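My numbering numbers the first residue of the sequence shown as 4 and each following residue consecutively. Note that the Cβ used here is the ideal one computed from N, Cα and C, for glycine as well. None of these values were measured; they are calculated from a predicted model. Heads up: the structure comes next, in structure tokens.
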Amino acid sequence: MTSSAFSSLTHEDLLALSLTLDDSWRAWIETNIERGCSPASIAKVLADNKKLPSKYLPAVRPNITNDDENFVNIDGHVVQVVCTLKSPRVVVFDNLLTQAECDELIALADGRLERGKVVDEKTGNSRLHAHRSSDNAQFTLGEFEVIDRVERRLAALLNWPVENGEGLQVLRYQKGGEYRPHFDYFGDSVGGRKHLEVGGQRVGTCVMYLSDVQAGGGTSFPSVGMEVKPKKGGAVFFADVDEQGDVDKLTLHAGVPVITGVKFIATKWVRERPYRRES
4 MTSSAFSSLT
14 HEDLLALSLT
24 LDDSWRAWIE
34 TNIERGCSPA
44 SIAKVLADNK
54 KLPSKYLPAV
64 RPNITNDDEN
74 FVNIDGHVVQ
84 VVCTLKSPRV
94 VVFDNLLTQA
104 ECDELIALAD
114 GRLERGKVVD
124 EKTGNSRLHA
134 HRSSDNAQFT
144 LGEFEVIDRV
154 ERRLAALLNW
164 PVENGEGLQV
174 LRYQKGGEYR
184 PHFDYFGDSV
194 GGRKHLEVGG
204 QRVGTCVMYL
214 SDVQAGGGTS
224 FPSVGMEVKP
234 KKGGAVFFAD
244 VDEQGDVDKL
254 TLHAGVPVIT
264 GVKFIATKWV
274 RERPYRRES
């Protein structure tokens with residue numbers, strides 16, 4: 004987490020906080036204030052050493068609103084919360100999309116689908132990889148009315164700005180199609196840093212199921228032994244970072260091979276800052 008995340012804190016806040024800490028940390032805070040260190044730089048050190056209470060930590064990942072209830076009403080569209088997992092942060096939804104919206108997204112992707120690629124860690128460019136066997140169609144933010152509607156619904160559901168998201172991606176997995184275990188967040192590599200420059204880290208992923216699948220095709224989280232079965236209109240959201248903004252390795256996930264049928268999904272990645280697509 005960078006010091007800019009604590010830009011709202013003041014020296015007075017830190018002095019008040021110091022009263023709750025032991026003598027050594029209290030003296031350290033007072034000394035650094037006298038030296039003219041910025042509140043943000045002091046707060047970062049405290050956060051790195053687990054001395055900053057959670058109320059001072061910035062929001063670093065999307066929050067599902069009202070996830071302790073069974074339903075979330077977004078402008079008249081009722082989304083069902085099926086289940087939640089705390090670590091990693093996973094929420095399964097039903098009726099996130101209507102049946103008609105699913106069909107429309109599939110129709111829009113028709114004619115635009117091409118072989119899916121992965122991010123090359125060395126260059127940051129996209130390349131084919133045997134671990135991913137899908138066909139993808141990429142859209143820009145709000146490119147079509149249905150996409151704009153879905154993106155705004157997701158923004159309200161996640162309490163995260165529309166502009167802090169990558170364009171929607173529709174994927175098709177045919178029989179045998181899969182995406183082997185991987186992370187969605189960007190690592191500290193040349194390729195990863197290139198993507199971090201255009202909106203920061205991926206802080207959340209939402210996989211929306213556009214079709215039912217007769218057999219296979221689930222989304223698995225092998226680190227916690229969880230698998231979400233595809234259901235048309237349903238979705239699974241997971242936070243790619245923890246509450247401190249650090250990448251969460253428990254979010255290792257996979258697209259299970261399709262055994263019978265065809266799987267269509269729409270994927271939405273949300274970033275920590277407004278996203279601008281690479282030229």
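Cβ separation of residue i and residue j, assumed to be a contact under 8 Å, to the nearest whole Å
{"i": "P225", "j": "A257", "result": "7 Å"}
{"i": "R205", "j": "R274", "result": "6 Å"}
{"i": "G236", "j": "N98", "result": "5 Å"}
{"i": "N167", "j": "Y278", "result": "6 Å"}
{"i": "V216", "j": "G264", "result": "5 Å"}
{"i": "E104", "j": "N139", "result": "Contact flag wrong, Cβ pair sits at about 19 Å."}
{"i": "T13", "j": "P42", "result": "6 Å"}
{"i": "V165", "j": "E107", "result": "Contact flag wrong, Cβ pair sits at about 19 Å."}
{"i": "S223", "j": "V250", "result": "S223 to V250, Cβ: 19 Å. No contact."}
DSSP bridge partner residues for residue i (one or two, in chain order)
{"i": "R29", "result": "Paired residues: none, contrary to the question."}
{"i": "G341", "result": "Any answer about residue 341 is impossible in this case: the structure gives the chain only from 4 up to 282."}
{"i": "H335", "result": "Absent from the model: residue 335. The displayed extent of the chain is 4 to 282, so no value can be given."}
{"i": "Q172", "result": "Q141 and T270"}
{"i": "T23", "result": "According to DSSP, T23 bridges with nothing at all."}
{"i": "A238", "result": "F96 and M211"}
{"i": "C86", "result": "V95"}
Where residue i falls: helix, strand or coil (DSSP)
{"i": "P184", "result": "strand"}
{"i": "V149", "result": "helix"}
{"i": "V201", "result": "coil"}
{"i": "I67", "result": "coil"}
{"i": "Q141", "result": "strand"}
{"i": "D191", "result": "coil"}
{"i": "Q102", "result": "helix"}
{"i": "E246", "result": "coil"}
{"i": "V227", "result": "coil"}
{"i": "D16", "result": "helix"}
{"i": "T34", "result": "helix"}
{"i": "R276", "result": "coil"}
{"i": "R92", "result": "coil"}
{"i": "D51", "result": "helix"}
{"i": "R156", "result": "helix"}
{"i": "R118", "result": "strand"}
Contact test: residue i Cβ vs the ligand ADP heavy atom, cutoff 7 Å
{"i": "N35", "result": "With respect to the ligand ADP, the structure offers nothing, as it holds no ligand at all."}
Worksheet item: Is it true that the segment 258-271 meets the segment 206-216, where meeting means three or more beta-carbon pairs spaced less than 8 Å apart?
Response: Yes, they touch.
Worksheet item: Are three or more beta carbon pairs between the segment 14-22 and the segment 40-49 nearer than 8 Å?
Response: The segment 14-22 makes contact with the segment 40-49; the number of CB pairs closer than 8 Å reaches 3 or more.
Fill in: the segment 237-251 in contact with the segment 77-96 per 3-pair CB rule at 8 Å
Contact between the segment 237-251 and the segment 77-96 is present, because at least three Cβ pairs lie under 8 Å.
Item to complete: Assess, as a yes-or-no matter, whether the segment 185-197 is touched by the segment 166-173 under the definition of 3 or more beta carbon pairs within less than 8 Å.
Response: They do not touch, by the three-pair rule.
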